[in-house]
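> If you scroll down you'll find the structure; I have some questions about it.
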């Protein structure tokens with residue numbers, strides 16, 4: 001049933017994409033981008049999940065399993081968990097840059113409406 | 001009730017709804033098709049994941065394969081990510097930097113006045129120019145450490161005239177923060193140093209930012225000014241970056257491979273168990289903790305360099321703190 005998580009992640013991504021494409025308020029566009037980022041976290045963690053597995057920690061394995069068994073596949077995927085960590089840090093940094101740009105645009109043009117920011121056109 | 005609330009909601013115009021819907025639907029179809037074919041919970045782990053699980057304990061003495069991936073087998077990727085974070089921090093610093101006293105650097109102020117005298121000696125500075133210069137001087141005074149002068153009657157002061165300063169919270173909140181902040185800080189350091197095994201630099205850094213933000217929310221900017229100084233944070237961040245570069249480069253020099261382990265490995269579950277993982281992780285703690293703090297405080301403290309708009313020529317807003325491209329107002 002983990003496929004429900006995958007589809008939820010796709011739905012959240014599409015919600016963010018629709019927000020970015022159709023909204024004119026730049027803060028809402030940044031929120032849309034954050035939604036798209038968030039959907040990747042859900043996807044990575046869901047892809048890492050394995051049925052009847054433990055967290056990838058090689059200590060105190062469940063009854064009947066040894067650390068060696070864990071190491072041979074009865075654990076969640078650590079590489080995808082690492083991808084998720086990476087995505088979170090990059091997401092925070094990118095959101096901060098976008099917000100700083102939006103604040104500067106708001107201060108310069110006195111509007112958050114992207115349609116009013118047209119000086120670079122042409 | 002609902003009708004009244006709906007009336008208050010701002011009607012925001014949207015654009016390209018049909019095109020947006022079409023593109024979103026197409027993306028949904030592509031993602032859905034791909035995700036339905038993706039490996040599910042019963043699929044065997046990919047080879048790279050099995051490699052991390054198998055090598056974490058014998059090769060790195062780490063109980064957490066995720067840390068082995070972050071700082072070991074994908075260490076070079078983490079190295080690049082660290083400098084992506086640094087690039088983002090530098091971008092935010094540049095974007096949020098307060099307006100510099102450019103007259104002192106480039107002589108634009110003097111050149112503009114000279115040009116003004118040559119071209120049109122009779123024309124006195126207009127109201128907008130006078131206002132801009134006053135705002136410049138006021139901002140310069142604030143930057144020089146004078147701080148804004150508090151008016152006798154704050155209600156008479158127009159909003160946005162000075163950068164607003166945060167006030168501290170109530171005694172209840174401040175006491176709670178005094179209790180919680182040290183506990184959180186110790187937890188953050190514990191995540192980095194120990195956990196199941198060393199390597200919690202990223203979450204530890206985020207916890208450090210949380211502690212700093214709690215202190216900021218509770219006590220205001222003045223009380224944390226000694227710690228949250230840009231110069232101190234920026235120097236510390238670059239020291240963290242140097243630590244990471246040094247740790248990784250020594251692997252190349254000592255073991256012949258960038259990001260290889262060159263420290264002796266201790267028993268699993270101890271503070272030195274991961275070799276260079278601990279050093280790398282401490283570097284990440286510094287890098288992430290200070291980097292995110294710089295970014296957050298830079299965005300929080302963006303100076304109010306509002307461009308005067310035509311709409312508030314009546315001065316109602318009062319936020320005429322100057323113009324980003326100030327050369328425009330001079331010499332013309």
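Residue numbers (my numbering), protein chains in the order written: chain A, 1 to 122; chain B, 1 to 332. Note that CB positions come from ideal geometry on N, CA and C, so glycine has one too.
Identify which residue in 45(A), 95(A), 74(A) has its Cα closest to the Cα of residue 54(A).
Within the first chain, numbered from 1, the residue matching residue 54(A) stands at position 54. Comparing Cα-Cα distances from residue 54(A) to each of 45(A), 95(A), 74(A), the minimum goes to 74(A).
> List the residues of chain A that residue 17(B) touches, going by C-beta distances under 8 Å, in chain order.
Within the second chain, numbered from 1, the residue matching residue 17(B) stands at position 17. Under the 8 Å cutoff, chain A gives 22.
> Which residues bound the alpha helix (DSSP H) around residue 105(A)?
As a working note, residue 105(A) is residue 105 in the first chain. Here the alpha helix (DSSP H) through residue 105(A) covers 78-109.
> What does residue 25(A) pair with, by DSSP beta-bridge criteria?
The residue given as residue 25(A) occupies position 25 in the first chain. For residue 25(A), which the question treats as bridged, DSSP gives the partners 113(A).
> Please compile the residues from chain B whose C-beta is within a distance smaller than 8 Å of the C-beta of residue 77(A).
Taking the first residue of the first chain as position 1, residue 77(A) is located at position 77. By Cβ distance, chain B contributes 45, 46, 49.
> Using a C-beta to C-beta distance shorter than 9 Å, which residues of chain A count as neighbours of residue 248(B)?
Position 248 of the second chain, counted from the first residue, corresponds to residue 248(B). Neighbours of residue 248(B) in chain A, taken as residues at a C-beta separation under 9 Å, are lacking, since the least C-beta distance is about 17 Å.
> In angstroms with no decimal places, state the Cα-to-Cα distance between residue 49(B) and residue 223(B).
Along the second chain, one-based indexing puts residue 49(B) at 49. Along the second chain, one-based indexing puts residue 223(B) at 223. Roughly 47 Å between the two C-alpha positions.
> Measure from the C-beta of residue 101(A) to each C-beta in chain B and report whether the shortest distance is under 8 Å.
The residue you call residue 101(A) lines up with position 101 of the first chain. Residue 101(A) counts as touching chain B.
> Can you find the residues in the same chain that come closer than 6 Å, C-beta to C-beta, to residue 70(B), ignoring five residues on each side of it along the sequence?
Working through the second chain from its first residue, we reach residue 70(B) at position 70. Apart from the 5 residues on each side of it in sequence, residue 70(B) sits with its Cβ closer than 6 Å to the Cβ of 78 in its chain, given in chain order.
> Considering only C-alpha positions, which residue in the set 47(B), 291(B), 84(B) is nearest to residue 206(B)?
Here residue 206(B) corresponds to residue number 206 of the second chain, with the count starting at 1. It is 291(B) whose Cα lies nearest to the Cα of residue 206(B).
> Would you mind reading off the limits of the alpha helix (DSSP H) that contains residue 177(B)?
The residue you call residue 177(B) lines up with position 177 of the second chain. Residues 171-193.
> Using 8 Å as the Cβ pair cut-off and three pairs as the minimum, do the region 292-303 of chain B and the region 239-247 of chain B touch?
no
> With distances taken between CB atoms, is the gap from residue 52(A) to residue 45(B) smaller than 8 Å?
As a working mapping, residue 52(A) is identified with position 52 in the first chain. As a working mapping, residue 45(B) is identified with position 45 in the second chain. Pairing residue 52(A) with residue 45(B) gives a Cβ-Cβ distance that is not under 8 Å.
> Please go through the same chain and pick out, in chain order, the residues whose beta-carbon is closer than 7 Å to the beta-carbon of residue 48(A), but skip the five residues on each side of it.
Residue 48(A) sits at position 48 when you count from the first residue of the first chain. The residues are 76, 77, 80, 81.
> Is there a Cβ from chain B that is less than 8 Å from the Cβ of residue 32(A)?
Taking the first chain and counting its residues from 1, one reaches residue 32(A) at position 32. Chain B contact via Cβ: absent.
> Below 8 Å, how does it come out for the region 60-69 of chain B and the region 270-287 of chain B: are there three or more Cβ pairs, yes or no?
yes
> Give me the Cβ distance between residue 88(B) and residue 94(A), rounded to the nearest whole Å; I'm assuming they're in contact under 8 Å.
In the second chain, residue 88(B) corresponds to position 88, counting from 1. In the first chain, residue 94(A) corresponds to position 94, counting from 1. Contact flag correct, Cβ pair sits at about 7 Å.
> Using a Cβ-Cβ cut-off of 8 Å (strictly less than) and excluding sequence neighbours within five positions of residue 255(B), which residues of its own chain qualify?
Taking the first residue of the second chain as 1, we reach residue 255(B) at position 255. 261, 262, listed in sequence order.
> Quick one, which of 104(A), 42(A), 25(A), 109(A) has its alpha-carbon nearest residue 13(A)'s?
For the purposes of this step, residue 13(A) is taken as residue 13 along the first chain, with counting starting at 1. Of the listed residues, the one whose Cα sits closest to residue 13(A) is 42(A).
> Under a three-way DSSP split, which group does residue 319(B) fall into?
For the purposes of this step, residue 319(B) is taken as residue 319 along the second chain, with counting starting at 1. With a pLDDT of only 40 at residue 319(B), under 50, the local geometry of the prediction cannot be trusted, and the value read off the model is given with reservation. Residue 319(B) falls in the coil class under three-state DSSP.
> Give me whichever residues DSSP pairs with residue 298(B) in a beta bridge.
Locating residue 298(B) in the second chain gives position 298, counting from the first residue. Bridge partners of residue 298(B): none, in fact.
> Among 132(B), 73(B), 191(B), which has the Cα closest to the Cα of residue 257(B)?
Taking the first residue of the second chain as 1, we reach residue 257(B) at position 257. The shortest Cα separation from residue 257(B) among 132(B), 73(B), 191(B) belongs to 73(B).
> Under 9 Å Cβ-Cβ, which residues of chain B neighbour residue 115(A)?
As a working note, residue 115(A) is residue 115 in the first chain. Chain B residues near residue 115(A): 13, 15.
> What does residue 94(A) touch in chain B if you count any residue whose Cβ is under 8 Å from its own?
The sequence position of residue 94(A) within the first chain is 94, counting from 1. Under a criterion of Cβ atoms nearer than 8 Å, the residues of chain B adjacent to residue 94(A) are, in order, 88.
> Select from the region 32-54 of chain A all residues with a C-beta closer than 7 Å to any C-beta belonging to chain B, and list them in chain order.
Residues of the region 32-54 of chain A with a C-beta less than 7 Å from any C-beta of chain B: 47, 49, 50, 51, listed in chain order.
> Does the count of Cβ pairs from the region 50-58 of chain B and the region 237-244 of chain B closer than 8 Å reach three?
no
> How big is the Cα-Cα spacing for residue 259(B) and residue 98(A)?
In the second chain, residue 259(B) corresponds to position 259, counting from 1. In the first chain, residue 98(A) corresponds to position 98, counting from 1. Each residue's alpha carbon lies about 32 Å from the other.
> On the premise that residue 64(B) lies in contact with residue 196(B), defined as a C-beta separation below 8 Å, what is that separation, rounded to the nearest angstrom?
Translated into the one-based positions of the second chain, residue 196(B) becomes position 196. Translated into the one-based positions of the second chain, residue 64(B) becomes position 64. Cβ-Cβ separation between residue 196(B) and residue 64(B): approximately 5 Å, consistent with a contact (criterion under 8 Å).
> Kindly indicate which residue of 34(B), 42(B), 24(B), 31(B) has the alpha-carbon position closest to the one of residue 2(A).
The residue given as residue 2(A) occupies position 2 in the first chain. Comparing Cα positions, the closest option is 42(B).
> Can you tell me whether residue 284(B) is buried or exposed? The criterion is at least 16 other CB atoms within 10 Å of its CB, across all chains shown.
Locating residue 284(B) in the second chain gives position 284, where the first residue counts as 1. With 16 or more other Cβ atoms within 10 Å, it is buried.
> If you draw a straight line from the alpha carbon of residue 271(B) to that of residue 190(B), how long is it in whole angstroms?
By 1-based counting over the second chain, the position of residue 271(B) is 271. By 1-based counting over the second chain, the position of residue 190(B) is 190. Distance between the alpha carbons of residue 271(B) and residue 190(B) is about 10 Å.
> List the whole-angstrom C-beta distance separating residue 211(B) from residue 184(B), where the pair is believed to meet the contact cut-off of C-beta under 8 Å.
Walking along the second chain from the start, residue 211(B) turns up at place 211. Walking along the second chain from the start, residue 184(B) turns up at place 184. Confirmed, Cβ separation roughly 5 Å.
> Which residue marks the beginning of the alpha helix (DSSP H) containing residue 202(B), and which one marks its end?
Translated into positions along the second chain, residue 202(B) becomes position 202. From DSSP, the alpha helix (DSSP H) with residue 202(B) extends over 201-219.
> State the DSSP-derived secondary structure class of residue 75(A), mapped to helix, strand or coil.
Residue mapping note: residue 75(A) aligns to position 75 of the first chain, counting from 1. Residue 75(A): strand per DSSP, three-state reduction.
> Throw me the rounded Cβ distance for the residue 19(A) and residue 38(A) pair, which I believe falls under 8 Å.
The sequence position of residue 19(A) within the first chain is 19, counting from 1. The sequence position of residue 38(A) within the first chain is 38, counting from 1. Not a contact, Cβ separation roughly 12 Å.
> Suppose you measure from the CA of residue 27(A) to the CA of residue 10(A); what does that come to, to the nearest Å?
Looking up residue 27(A) in the first chain gives position 27. Looking up residue 10(A) in the first chain gives position 10. Answer to the nearest angstrom: the Cα atoms are 22 Å apart.
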